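Numbering of the sequence shown is given in our numbering, commencing with residue 2 and proceeding in unit increments.
Structure first, then comments.
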Amino acid sequence: MPRNVALFPQAVAPEAQPTTMNFGKFGSSGNYSAALAPFAPGAGGNLQDDMQLSIPLRRLNDRRKLLTELDQLRWQRDRSDSASRQTPFRQQAFETILGGLADAFDLKQEDPRTLARYDTSPIAHPENISKKWKNYQNYVDNGQTLGKLLLLSRRLCERGAGFVTITTNFVWDMHADVNNAGVAEGMRYMGRPFDHAVSAFLEDVHERGLSDKILLVCCGEMGRTPRINKNGGRDHWGNLAPLILAGGGLPMGQVIGESSRDGSVPKSKPITIENLVATILKTLVDPGILRLEPDVPREILQAASEWESIRELI
C-alpha cells in the first residue's frame, strides 16, 4: 500500500475535470526525492486503470525475480544514484497491484447505506448551481465527489496508507468575481458538502473504532479578508486562517487560539505551519525510532524531533 496518496475528483468520477496544476503541483515531492511523491490515481492519466493484475500471478513472480537479478547485475556494473532510485518505484508498483489497492478504490464494495451516507451529490446538485460563474464545473465536481473522496480515504487508511490528501478544483474562493460566487452563495455550493462529508467521515471512523488511529486535518492555503468586499465576497488574507483537527488520539473538544475582534490577526500565540507539521508527525512516529530508519530526509527528522507541536494537543 502506498504510504502517500493524493486524491482528486477523477479518482471517484472519471467524468470530472482533470486536476489543474496551474496554482500548485499537488503531486510533487518538492525538494525531496521523486520516490516520496504521492501515488495519484485520478490525476489525469490511466494509472487507475492499470491497478488490476492482468497476467497470472506465477508469471508476475517470475518477471519480478528476473528484474531483481537484472538489478543486481546493473548495480555491480554501475553504482549510479539514478539506478538505485528506480527500486522504490518498482516496489511501489508491485505493492499496488498485489496489495489489493484496486479493491480499495472499488466503492461498490461498500454497504449502499454507507455510500449514501457519505454522498454529497444531492446537496450541491448541478441544477442548483448558477452557470454564470466560470468555476461552475469546479463547484459541480466538488459536490459530486467530495463525500466519495472521504469514503475512499477511509478505505485507504484501513488498508495501511500513511497519508491521504484530498483536494478538489478551486472551489474555496468566494470573491464574488467572474470566477467565484460570493460568501452566501458559495457556502451553499462548498460549505454544505464539506459539512456533510466531514461529519459522515468522523461518525464512520468512530463507529469502526478508528478515531485514535486516523487524524483528519482540514485546512486551506490561507484565510479570507475580515471585511466583505463590495460584491459580497471575501478576498485572500494571509494573516489568519482556520484549522480543524479531529481524531489521531488527540484530546478533542477544544477551541485553541484566539483572534482579534475583527478576525484579522491572532490575539493569542500564533499556531504556525511548523506547529501543525510537528503535531502530525508526532501522532505518527516516535522521533527516536525515526532516527533509526534509513533514507528519512534530514528535514523530516528535524521537524519530528525539534519543531514545537501544538501544546494543547501533544
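For glycine and all other residues, C-beta sits at the position ideal for the given N, C-alpha and C.
In this text the structure is predicted, and so the values were computed from the model without any measurement.
Between which residues of its own chain and Arg78 is the CB-CB distance below 6 angstroms, once the five residues before and five after are set aside?
Interpretation of Arg78 is limited by its pLDDT of 49, a score under 50 that renders its predicted location unreliable; no figure is taken from the coordinates.
If you count every other CB in all the chains shown that lies within 10 Å of the CB of Cys158, and 16 or more means buried, which is it?
Buried, because 16 or more other Cβ atoms sit within 10 Å of the Cβ of Cys158.
Report all residues from its chain with a CB closer than 6 angstroms to the CB of Ile245; omit the five preceding and five following residues, and keep chain order.
Within the same chain, Ile245 has close Cβ partners Cys219.
Using only the alpha-carbon positions, how far apart do Ala185 and Gly25 sit?
One C-alpha to the other measures close to 27 angstroms.
Would you call the CB atoms of Ile315 and Lys270 closer than 8 angstroms?
Not in contact: Ile315 and Lys270 (Cβ atoms no closer than 8 angstroms).
Check the DSSP bridge columns for Ala201 and list the partner residues they point to.
Partner(s): none; Ala201 has no beta bridge.
Touching or not, the stretch 204 to 212 and the stretch 230 to 239, by the rule of three or more beta carbon pairs under 8 angstroms?
Segments in contact, no.
Taking the continuous beta strand (DSSP E) assigned at Ile167, which residues delimit it?
Run containing Ile167: 164 to 167, per the beta strand (DSSP E) assignment.
Beta-carbon separation (whole angstroms), Leu217 vs Ile281, contact threshold 8 angstroms:
Rounded, the Cβ-Cβ distance is 11 angstroms, inconsistent with contact.
Mind checking whether Ala14 and Thr146 have CB atoms under 8 angstroms apart?
Result yes, Cβ atoms of Ala14 and Thr146 sit closer than 8 angstroms.
Count the other CB atoms, across all protein chains shown, that sit within 10 Å of the CB of Pro3; report buried if there are 16 or more and exposed otherwise.
Label assigned to Pro3: buried.
Among Gly250, Lys268, Gly254, which residue has its Cα nearest to the Cα of Leu241?
Cα-wise, what sits closest to Leu241 is Lys268.
Check for me: the beta strand (DSSP E) holding Leu314 runs from which residue to which?
For Leu314, there is no enclosing beta strand (DSSP E), as DSSP marks it with neither H nor E.
Under 8 angstroms, do Trp238 and Asn181 count as touching if we go by C-beta distance?
Annotated as distal: Trp238 and Asn181, with beta-carbon spacing of 8 angstroms or more.
List the whole-angstrom C-beta distance separating Asp142 from Ala17, where the pair is believed to meet the contact cut-off of C-beta under 8 angstroms.
With 8 angstroms as the limit, Asp142 and Ala17 qualify as a contact, their Cβ atoms being about 4 angstroms apart.
Where do the ends of the alpha helix (DSSP H) carrying Ile290 lie?
Its alpha helix (DSSP H) spans residues 288 to 291.
Using a Cβ-Cβ cutoff of less than 7 angstroms, which residues in the same chain neighbour Gln1 once the five nearest sequence positions on both sides are dropped?
This structure cannot speak to residue 1, because the chain is shown only from 2 to 315.
Supposed contact pair Gly258 and Ile272 - C-beta distance, whole angstroms, cut 8 angstroms:
About 6 angstroms separates the CB atoms of Ile272 and Gly258; that is less than 8 angstroms, so the two are in contact.
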